[in-house]
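Asker: This structure is in structure tokens; I'll ask about it shortly.
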């Protein structure tokens, strides 16, 4: 296979770069070792920053966030819920921080406005009545899965190619210039080569590994962040603690759920980050101080992502002090490997800007003159798509009489019908349980796929999308993955339901002995 | 209102305890928040499928493993009840099954492998007559029949996986699959409960037989998800068998389980006919006690709440699913009497890192500690209430999910607890072996 540019990494950055390249008419291929959003891009808050969180400590990041916040609200509105956000101070928070924040926002032209605690409580009655300062900012919640997929789908329509389950194993150079790479098809074990002049390393936490394949050193600091999902929305706005960034200081409403995050812990292990019980307890007790109902609301899942942070050497141990800004590295200049570029760090909010800067550099290296249009062109979304809420879902599926057309409801928690799932399975070459769930929301509710995943597995098998004899291992792998996220939040009603689910898989299916 | 015995909980253990006490002449009241957990079970009675539970080879006879089990796990409910009483209890349950019109075949002395909707097998002991032909050691072809729209049963997936087991020589039966496309349930939604109701009617069965007959080849057994009627499954089975000229059997399904509901209803009706009072569906029970004796329960906290008193109480409230146990972020507790529960302080240790861990899950073993009279005891081994007996899943130890022993434990502990409670009320010769004063603390070194 031959192309101009190979992008490595199917996260937000890689997807954004692919779209940008495609819009500029550059032949490109995106390789992802697992699936879209398998890495950090699928394991975050789903927060579209206004920039205010960074205004005091990291004004450059704040400025970028603010600009991108406006752009994304224009080009990706169907996957953004413009919730607005508040910075809220409690008596125990540093008293000067609110003023610092207002000053910093003013100097960035970031529209932050102080509102009275009474007004906030009227809008968000579940918040702690102890709030003494409140600042409104244009934060929003964003669906990273939809966003990233829309980028890739548009790029594909414009001629770019995307290959999931392709792990890059070697990068070839000749006379200090990139001329191709070798990858393995994780599904078949087949090796294949791509000839290209440019490689964009957008592999996130794995970027160091990719760079080293070309002989280029790239040091990244890894910071694990854990988050907890509650099954009730509790607030309609993004809630930030009005204090320097710390654990459990951001709460983001998402569809019917609320996400509390994050922790920040320097780690060396990047595969399979798992949330710990202690982190969950810390997040919930922080969440409770600002939103007392957190303690009586059901936590349905916890998850963790690893942030790739730059500036490891300068920052020492505390990863929060490191800029959440990104780094674009031309290995032609740095390591005499022409045609290799690494784009690392950054945030979901700034993914488009990172892509623009990266492609600008590539285009210059190619000696071409095309300019970026990603800030103006709206991303394409299916027409019927609106930001998820159960009400819209009910309107769509209607009453049980109409099930003949859609098929029966397979995920009772999130009201996903057989028709929707069959369609997803048909559309994908290698659909996985996780992918089907991200796309349809099946399995995202309180039981976390405990009851519907055998049904989904059966449809995968009936649809011929998994080889005979693999259904039980696939289901078991999914259940073990699910358990990592559900185990840390297992108490009360969640534990009760889990024992029923355990009974299903062990007392009925006897899957623990297969 | 005074009874000899009050049973709290209407799962299999509670109903067995009520029956055992009633058959000793005790006046019995059953109090339960809901239907109990039978509708959540397969309707089969598991004995002991795996021992040790980390092995993947099913035990050929639960009975033969009991001596070793008693040695390895002296606090296992089976070890506490003892072989003799387990066998009596199982035999009693089978007699009861005959009487209520739900005969169970099999024995505690041998394991049966039956198919599951995923195409795995499940080791069990006693099966209702509707599952008799599901025994996977019976050779020959089986037609697995699914229903379009019945979400928890894919005959194709089940057949594929069962045929893999067949080709590995692990089971004798072989399988092929068909799905019935459009079946008229009189406008009702397609689910197990509605199908079971439909199968109770002869007209529906005749229509069904007409569609299915051409699909069957000579020598086929016909397997269906467990939906063969609520009221008289034996009659439904016989009718299908006669008209299709084929052996027919049911495969247990995820909840709500028709065979579980059948067993619950038939036992409920039988007990009521025998004069047992059953009160289901209240939200709170307020225990009344004096020092070391339970007097009874008020149904609610108001002054007007009715109070039920009894000489002896059987606690058969189950674990977390049943509602006998509950938890918060750092604590496990018994919900009715706050009986002591032993559990690790660190929540992480309630669970294994893997969901389907071969050694089972610690949280499935939490419960109340009991002495050999099934009386809950404190950490020093002292009886907490002299007239309280525990039965079923609320008793600690033994991971019934992993070792496949839930039904057998429910029946044997329920039967024994019911007899002991009736004995305590002066209705029989079954007396508790030790008085609370004379009971020795349990050997703590054994843990």
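Residue numbers (the working numbering), protein chains in the order written: chain A, 2 to 515; chain B, 71 to 517.
Beta carbons: idealized from backbone N, C-alpha and C, even for Gly.
Treat the numbers as computed from the prediction; the structure is a model and nothing was measured.
Can you tell me whether residue 90 of chain A is helix, strand or coil according to DSSP?
Answerer: Residue state, collapsed to three classes: strand.
Asker: Taking only three categories from DSSP, how would you classify residue 230 of chain B?
Answerer: Residue state, collapsed to three classes: helix.
Asker: Cβ of residue 459 of chain A within 9 Å of Cβ of residue 224 of chain B?
Answerer: Yes, these two residues count as a Cβ contact at 9 Å.
Asker: Can at least three beta-carbon pairs, one atom from the segment 188-206 of chain A and one from the segment 5-22 of chain A, be found at a separation below 8 Å?
Answerer: The segment 188-206 of chain A vs the segment 5-22 of chain A: in contact.
Asker: Please state if the CB of residue 4 of chain A and the CB of residue 178 of chain A are separated by a distance shorter than 9 Å.
Answerer: No, these two residues do not count as a Cβ contact at 9 Å.
Asker: Would you list the residues sitting across from residue 202 of chain A in a DSSP beta bridge?
Answerer: Looking at the DSSP assignment, residue 202 of chain A forms a beta bridge with A:9 and A:343.
Asker: Any beta carbon of chain B sitting closer than 9 Å to that of residue 410 of chain A?
Answerer: Output row for residue 410 of chain A: interface = yes.
Asker: What residue ranges within the segment 211-242 of chain A form continuous alpha helix (DSSP H) runs of no fewer than 4 residues, ordered along the chain?
Answerer: DSSP runs (the alpha helix (DSSP H)) wholly in the segment 211-242 of chain A: none.
Asker: Whole angstroms are fine: how far does the CA of residue 433 of chain A sit from the CA of residue 292 of chain B?
Answerer: Each residue's Cα considered, the two are about 33 Å apart.
Asker: Note down, in chain order, every chain B residue with its Cβ under 8 Å from the Cβ of residue 462 of chain A.
Answerer: The contacting residues are 224, 226, 227 and 230.
Asker: Return the CA-CA distance between residue 70 of chain A and residue 19 of chain A, expressed in angstroms with no decimal places.
Answerer: Near 20 Å, if we compare the C-alpha coordinates of residue 19 of chain A and residue 70 of chain A.
Asker: Against residue 491 of chain A, what residues of chain B qualify as contacts under a CB-to-CB distance less than 9 Å, listed in chain order?
Answerer: What residue 491 of chain A touches in chain B: 397, 417, 420, 421 and 433.
Asker: Counting Cβ pairs closer than 8 Å, one from the segment 395-414 of chain B and one from the segment 476-489 of chain A, do we hit at least three?
Answerer: Cβ pair count under 8 Å is below three, so no.
Asker: Could you check the C-alpha separation between residue 358 of chain A and residue 382 of chain A for me, to the nearest Å?
Answerer: In a straight line, the C-alpha of residue 358 of chain A is about 25 Å away from that of residue 382 of chain A.
Asker: Which same chain residues, not among the five before or five after residue 76 of chain A, have their C-beta less than 6 Å away from its C-beta?
Answerer: Excluding positions up to five away in sequence, the list reads 379 and 380.
Asker: To be precise: take each residue of the segment 108-124 of chain B, compare its Cβ to all Cβ atoms of chain A, and keep it if any distance is under 8 Å. Which residues remain?
Answerer: The residues in question are 110, 111, 112, 116, 119 and 120.
Asker: Can you tell which of B:405, B:432, B:425 and B:428 has its C-alpha closest to the C-alpha of residue 416 of chain B?
Answerer: Comparing Cα-Cα distances from residue 416 of chain B to each of B:405, B:432, B:425 and B:428, the minimum goes to B:432.
Asker: What residue ranges within the segment 371-439 of chain B form continuous alpha helix (DSSP H) runs of no fewer than 4 residues, ordered along the chain?
Answerer: DSSP runs (the alpha helix (DSSP H)) wholly in the segment 371-439 of chain B: none.
Asker: Using the C-alpha atoms, what's the distance from residue 254 of chain A back to residue 345 of chain A?
Answerer: C-alpha separation (whole angstroms): 28 Å.
Asker: Which chain B residues are close to residue 470 of chain A, counting only those with a beta carbon under 9 Å from its beta carbon?
Answerer: Here the neighbours are 230, 231 and 234.
Asker: Tell me whether residue 412 of chain A sits in a helix, a strand or coil according to DSSP, three-state version.
Answerer: If DSSP states are grouped into helix, strand and coil, residue 412 of chain A belongs with the strands.
Asker: Per DSSP, which residues does residue 255 of chain A bridge with? Please list them.
Answerer: A:258, per the DSSP bridge assignment.
Asker: Within a Cβ cutoff of 7 Å, which residues of the same chain sit near residue 42 of chain A, ignoring the five residues on either side of it in sequence?
Answerer: So the qualifying residues of the chain are 12, 13, 145, 149 and 349.
Asker: According to DSSP, residue 367 of chain B sits in a beta bridge with which residue or residues?
Answerer: For residue 367 of chain B, which the question treats as bridged, DSSP gives the partners B:357 and B:378.
Asker: Between residue 419 of chain A and chain B, is any beta-carbon pair separated by less than 9 Å?
Answerer: Residue 419 of chain A counts as touching chain B.
Asker: In angstroms, rounded to a whole number, what distance separates the CA positions of residue 407 of chain A and residue 425 of chain A?
Answerer: Looking at the two C-alpha atoms, the distance is approximately 13 Å.
Asker: What is the DSSP secondary structure of residue 85 of chain A, counted as helix, strand or coil?
Answerer: Coil.
Asker: Please list, in chain order, the chain B residues whose beta carbon lies closer than 7 Å to that of residue 459 of chain A.
Answerer: Per Cβ cutoff of 7 Å: 224 and 227.
Asker: Please state the DSSP three-state secondary structure of residue 247 of chain B.
Answerer: Strand.
Asker: In chain order, what residues of the segment 497-510 of chain A put their CB closer than 7 Å to some CB of chain B?
Answerer: Listed in sequence order: 497, 500, 501, 503, 504, 505, 506, 507, 508, 509 and 510.
Asker: Report the start-end ranges of each beta strand (DSSP E) in the segment 142-200 of chain A that is 3 residues or longer and not cut off at the edges.
Answerer: The segment 142-200 of chain A contains these whole beta strand (DSSP E) runs: 162-164, 167-175, 178-186 and 192-195.
Asker: Please classify residue 148 of chain B: does DSSP put it in a helix, a strand, or coil?
Answerer: It is helical.
Asker: Report yes if the C-beta distance between residue 84 of chain B and residue 172 of chain B is below 9 Å; otherwise report no.
Answerer: No, the pair does not count as a contact, with Cβ atoms beyond the cut-off.
Asker: Please classify residue 224 of chain B: does DSSP put it in a helix, a strand, or coil?
Answerer: In the structure shown, residue 224 of chain B sits in coil (DSSP, three-state: anything other than H, G, I, E or B).
Asker: Look up residue 418 of chain A in the DSSP assignment and give the residues it is bridged to.
Answerer: Note: residue 418 of chain A sits in a beta bridge opposite A:410.
Asker: So the candidates are A:287, A:282, A:237 and A:256; which of them puts its Cα closest to the Cα of residue 246 of chain A?
Answerer: Checked all of A:287, A:282, A:237 and A:256; the closest Cα to residue 246 of chain A is A:287.
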